[in-house]
Amino acid sequence: MKARVHVMLKDGVLDPQGEAVRHALGHLGFTGVEAVRQGKMIELDLAATDRAAAETEVKAMCEKLLANTVIEKYTVEIC
Amino acid sequence: MKAAVITFPGSNCDRDLADAFAKAGADVVRVWHKDTEIPAGTDVIGVPGGFSFGDYLRCGAIASRSPIGQAVVDFAGRGGHVIGICNGFQVLTEMGLLPGALMRNAGLKFRCRPQRLKVATTDSPFTRAYAADAEVTYPIAHHDGNYVLDAEGLARLEGEDRVAFRYIDNPNGSTADIAGVLSENRRVLGLMPHPERVVEDAQGGTDGAALFRALAGMLAAV
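Residue numbers (this note's numbering), protein chains in the order written: chain D, 1475 to 1553; chain L, 162 to 383.
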């Protein structure tokens, strides 16, 4: 079973890297980009076979390590 | 005073920090990240600067969960003194010993320069030797020193007089110019600038020496 964790900065936390990417896109002529937020995606291969148990465990991983919940939010996708 | 300085893979200020403690009269023990205990009799733990674990995932994230990490949290929980400098500050926030988080510098540049700071409180074992509102210069060298804290957390920090240092001419976008913060019991300090790099004339300045001397004086007395 695979899990995908998406980690993004919380709304309201300024993202200087996203802003730099937005500027660069503007320089390349992509004028319609109003905002860019940059995050990360983490893929996990799990031995688990039970989806619900896997989701609970991956959420615990997010809380303990994968995300810093002071500034980041996460979503877990089991696939 | 007995000081324990921790070394993670990628730490690069551990020797400087050990030297600064030794110069202030401390017995220094070096502790490896795979160790699980802080040596008996330790009065203060130093978490040094560098790029622990290559800054993978987030700066300080892996180090904060390494085997020695829990021992540092437990030591602080028992009322032990801890100082985390630069990457060490990032580690202490990741451990939850200090509030807030350190993000990429607002200007996206690695900032490396002597940095003027204001001592924002003298009510701590680390800053008690400085005059109120003293101005000091410590070097900075970081890419992720942008201190972020929500409004509620900031109000609490300010209300409890827990901002230890503020930048004069903010180099990285930190909230309220904050360069260093104290824990609730004032015994844990995290700061981005490097006091251990200014403890003797050969380093081009001595503004940091008072911090280590004050700590040594206080901990020798207990």
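Glycine included, every Cβ here is placed at the ideal spot set by N, Cα and C.
Residue i, buried or exposed, once every other Cβ within 10 Å from all chains shown has been counted against 16
| i | result |
| --- | --- |
| V324(L) | buried |
| V1481(D) | buried |
| T282(L) | buried |
| N346(L) | exposed |
| D362(L) | exposed |
| P356(L) | buried |
| D368(L) | buried |
| P200(L) | exposed |
| D217(L) | Here residue 217(L) turns out to be Tyr, not Asp, going by the sequence shown. With fewer than 16 other Cβ atoms within 10 Å, it is exposed. |
| P228(L) | exposed |
| R358(L) | buried |
| D235(L) | exposed |
| D1489(D) | buried |
| C174(L) | buried |
| H1501(D) | exposed |
| F212(L) | buried |
| A371(L) | buried |
| V1507(D) | exposed |
| T1523(D) | exposed |
Within chain L, partners of residue i - CB distance below 7 Å
| i | result |
| --- | --- |
| I1545(D) | A262, M264, V309 |
| V1487(D) | V309 |
Heavy atom of the ligand PLP within 7 Å of residue i beta-carbon
| i | result |
| --- | --- |
| V243(L) | This structure lacks the ligand PLP; in fact it carries no ligand of any kind. |
Those residues which DSSP pairs with residue i across a bridge
| i | result |
| --- | --- |
| D311(L) | None, per the DSSP bridge assignment. |
| L380(L) | Per DSSP, none; premise fails for L380(L). |
| Q276(L) | Y299(L) |
| S172(L) | G211(L) |
| R1478(D) | E1517(D), E1551(D) |
| V190(L) | A165(L) |
| V205(L) | A164(L), H242(L) |
| E1546(D) | L1483(D) |
| E361(L) | G366(L) |
8 Å Cβ cut-off: residues of chain D touching residue i
| i | result |
| --- | --- |
| E269(L) | According to the sequence as given, residue 269(L) is Leu; it is not Glu. Going along chain D in sequence order, the residues near L269(L) (Cβ under 8 Å) are P1490, Q1491, A1494. |
Min CB distance residue i to chain B below 8 Å
| i | result |
| --- | --- |
| E1493(D) | Absent here is chain B; the protein component of the structure consists of chains D and L. |
Check: Hey, which unbroken runs of the beta strand (DSSP E) at 3 residues or more fall wholly within the stretch 1496-1520 of chain D?
Finding: 1514-1519
Next item on the list: Identify each residue in the stretch 1514-1543 of chain D for which the Cβ-Cβ distance to at least one residue of chain L is less than 8 Å, and report them in chain order.
Entry: K1538, L1539, L1540, N1542
Notebook entry, point to check: Taking a cut of 8 Å between CB atoms, which residues from the stretch 245-257 of chain L lie near chain D?
Noted result: T254, E255
Check: Between the stretch 213-238 of chain L and chain D, which residues of the former have CB atoms less than 7 Å from a CB of the latter, in chain order?
Finding: R219, A222, R226
Next item on the list: Mind listing, in chain order, the continuous alpha helix (DSSP H) runs of no fewer than 4 residues lying wholly within the stretch 305-353 of chain L?
Entry: 312-320
Notebook entry, point to check: Unbroken alpha helix (DSSP H) runs of length 4 or more, entirely within the stretch 225-298 of chain L: which are they?
Noted result: 228-238, 248-256
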